[in-house]
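The block underneath contains the structure these notes are about, expressed in structure tokens.
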Amino acid sequence: MYCPRCERSIKTDDLERLNKELKEKFRQDSLERGDCPVCGTHLIDLSKKKAI
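In my numbering, the protein residues as written are 1 to 52.
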């Protein structure tokens, strides 16, 4: 998953663990909704994008 605004990537393998940590520490479920936990921009799934 990639945030175009922050220009950062989150490994798909880490999503579940990071989502759990965010919910426990900050009561934030932005990753479940597909949003960046930092800026709120909708994340792009790079595995579904075609190379140009």
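Even glycine gets a Cβ: it sits at the ideal position worked out from N, Cα and C. Please read all numbers here as calculations on a predicted model, not as lab measurements.
query                                                                                          : result
Boundaries of the alpha helix (DSSP H) in which K25 is found, first to last residue            : 15–26
CB of L15 within 8 Å of CB of L22, strictly                                                    : no
Of the residues R5, P37, K48, the one placed nearest L18, counting alpha carbons only          : P37
Residues bridged to S9 (per DSSP)                                                              : Y2
Proximal residues to Q28 (C-beta, below 7 Å), its chain only, five neighbours per side dropped : L22, P37
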